[in-house]
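Trainee:
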Amino acid sequence: MPFPKNRLSLWLANTKFLLLLIYWLVAYAAIGVLFALLYCSLPGDSVASDSGTTKNFGDILHFSFTTQATVGYGDFFPLGPARVIAAFHAVIGIAFNAIALGLTAYKLIKRTSPLVLPQWLVYDPVAHLFLFRFWNVDADDLREVRLAVSIFHAQPSRHYDSVSNTVEMDYYEAKWVPSLHLFAVKSKSNSGTHLKELGADHAPLTITPRHVKTGTVIRIDLSGYFHTTGDPFFVNKDYTLYSIRCGRYEYVDNVPLMSIPPKHRAKRISPALDHTISTSEPDCRVCVFHKDCMLDVAAGARKG
Numbered sequence: 017m018p019f020p021k022n023r024l025s026l027w028l029a030n031t032k033f034l035l036l037l038i039y040w041l042v043a044y045a046a047i048g049v050l051f052a053l054l055y056c057s058l059p060g061d062s063v064a065s066d067s068g069t070t071k072n073f074g075d076i077l078h079f080s081f082t083t084q085a086t087v088g089y090g091d092f093f094p095l096g097p098a099r100v101i102a103a104f105h106a107v108i109g110i111a112f113n114a115i116a117l118g119l120t121a122y123k124l125i126k127r128t129s130p131l132v133l134p135q136w137l138v139y140d141p142v143a144h145l146f147l148f149r150f151w152n153v154d155a156d157d158l159r160e161v162r163l164a165v166s167i168f169h170a171q172p173s174r175h176y177d178s179v180s181n182t183v184e185m186d187y188y189e190a191k192w193v194p195s196l197h198l199f200a201v202k203s204k205s206n207s208g209t210h211l212k213e214l215g216a217d218h219a220p221l222t223i224t225p226r227h228v229k230t231g232t233v234i235r236i237d238l239s240g241y242f243h244t245t246g247d248p249f250f251v252n253k254d255y256t257l258y259s260i261r262c263g264r265y266e267y268v269d270n271v272p273l274m275s276i277p278p279k280h281r282a283k284r285i286s287p288a289l290d291h292t293i294s295t296s297e298p299d300c301r302v303c304v305f306h307k308d309c310m311l312d313v314a315a316g317a318r319k320g
């Protein structure tokens with residue numbers, strides 16, 4: 017089996033800049049101390065100043081980090097074999113400086129994910145459809161935002177194809193998603209009717225609670241472009257049986273939000289993002305899928 021490629025690039029992309037900076041500082045300090053110990057261990061005099069040679073570790077440590085920073089030797093200079101070691105040490109310092117500059121440039125240029133998806137996915141038993149919500153938290157507007165849904169299942173079955181177009185969705189593409197704008201996209205409604213068992217040669221399946229069982233994963237993929245720079249973005253999130261709720265999201269009207277400052281707008285949307293309003297038990301019991309539904313309200317009603 018071939019060894020996975022680009023593991024370092026993936027690690028750099030997924031690690032926070034502050035953590036990378038800490039790793040860099042620890043490595044930088046360790047190299048400086050190790051070279052200071054090496055200079056101290058050399059026989060005879062390895063470091064000197066205008067006033068004479070020194071064996072003081074503090075002075076040698078100062079010389080080590082000055083050399084590593086590639087700003088010259090400072091108040092001290094190497095003697096004998098230490099001159100060769102100091103030259104090699106300076107090359108390592110240049111490499112560390114290049115790494116720091118590269119990481120900083122990479123993290124400044126790389127755009128973070130502009131979209132946040134809620135903790136819960138909801139199914140509305142009145143309209144008989146799933147609602148997929150996302151929030152643009154970037155300062156930039158987004159263009160050509162596309163949403164795709166895939167269903168995966170732990171057990172092989174002709175009803176759980178991993179190809180996204182086997183799940184029939186209302187076609188959706190948002191041409192423009194303003195900053196701090198909340199969107200909700202709905203799946204195709206089944207009009208409250210049971211679906212027949214469909215073979216591979218039939219029309220695509222329409223997603224219903226019947227497809228949500230233990231081991232089922234509903235994956236949401238969102239892609240598009242930043243309006244200002246044209247950089248592409250891609251976001252995905254997986255929902256399982258235990259992160260899908262029967263009900264609806266708390267309603268958020270985007271129109272009045274556009275007239276208030278971003279700080280206050282974010283405070284209004286943020287608490288509502290994950291807030292769901294559960295279906296009442298009577299409404300759940302009259303749903304055509306109640307008998308076999310494994311979502312939270314139906315499962316609780318049957319236990320009661």
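Heads up, the working numbering is the position in the sequence shown plus 16, with the first residue counted as 1.
The C-beta atom is built at its ideal place from N, Cα and C for all residues, glycine as well.
Keep in mind that this is a model prediction, so the values were computed, not measured.
1. Apply the 10 Å Cβ neighbour rule to residue 105 and answer buried if 16 or more other Cβ atoms are within range, or exposed otherwise.
2. In the stretch 67 to 99, which residue ranges form an unbroken beta strand (DSSP E) of at least 3 residues, counting only runs that do not cross its ends?
3. Could you round the C-beta distance between residue 305 and residue 225 to whole angstroms and report it? I think they count as a contact, below 8 Å.
4. Whose CA, out of 318, 238 and 168, lies closest to the CA of residue 298?
5. Distance cutoff 8 Å, beta carbons only. Does residue 272 sit that close to anything in chain C?
6. What three-state label does DSSP hand residue 22 in the structure shown?
7. Sort out for me which residues DSSP pairs residue 263 with in a bridge.
8. State whether the stretch 121 to 130 contacts the stretch 244 to 260, with contact taken as three or more CB pairs (one from each stretch) at a distance under 8 Å.
9. Can you grab the Cα-Cα spacing for the pair residue 235 / residue 189, in whole Å?
10. By a C-beta neighbour count over all protein chains shown, 10 Å radius and 16 as the cutoff for buried, is residue 80 buried or exposed?
11. I'd like to know whether the C-beta atoms of residue 116 and residue 40 end up nearer to each other than 8 Å.
12. In whole angstroms, what is the alpha-carbon distance linking residue 254 and residue 233?
13. Which complete beta strand (DSSP E) runs does the stretch 229 to 290 hold, if anything under 3 residues is left out?
14. Which first and last residues belong to the beta strand (DSSP E) in which residue 202 is found?
15. Since residue 131 and residue 34 are thought to touch, with beta carbons under 8 Å apart, how far apart are those beta carbons, to the nearest angstrom?
Mentor: To lay it out plainly:
1. With 16 or more Cβ atoms within 10 Å of its Cβ, residue 105 is classed as buried.
2. Qualifying beta strand (DSSP E) stretches, in chain order: 68 to 70 and 92 to 94.
3. Confirmed, Cβ separation roughly 4 Å.
4. Of the candidates 318, 238 and 168, the one whose C-alpha sits nearest the C-alpha of residue 298 is 318.
5. This model lacks chain C altogether, as it is built from one protein chain only.
6. If DSSP states are grouped into helix, strand and coil, residue 22 belongs with coil.
7. 294, per the DSSP bridge assignment.
8. The stretch 244 to 260 and the stretch 121 to 130 touch, with three or more beta-carbon pairs separated by less than 8 Å.
9. In a straight line, the C-alpha of residue 235 is about 17 Å away from that of residue 189.
10. Label assigned to residue 80: buried.
11. A contact, by the Cβ cut-off of 8 Å.
12. Within the model, the alpha-carbon separation for residue 254 versus residue 233 is close to 6 Å.
13. Complete beta strand (DSSP E) runs here, min 3: 233 to 242, 248 to 255 and 260 to 265.
14. Note, residue 202: beta strand (DSSP E), 198 to 202.
15. In this structure residue 131 is not in contact with residue 34, their Cβ atoms being roughly 22 Å apart against a cut-off of 8 Å.
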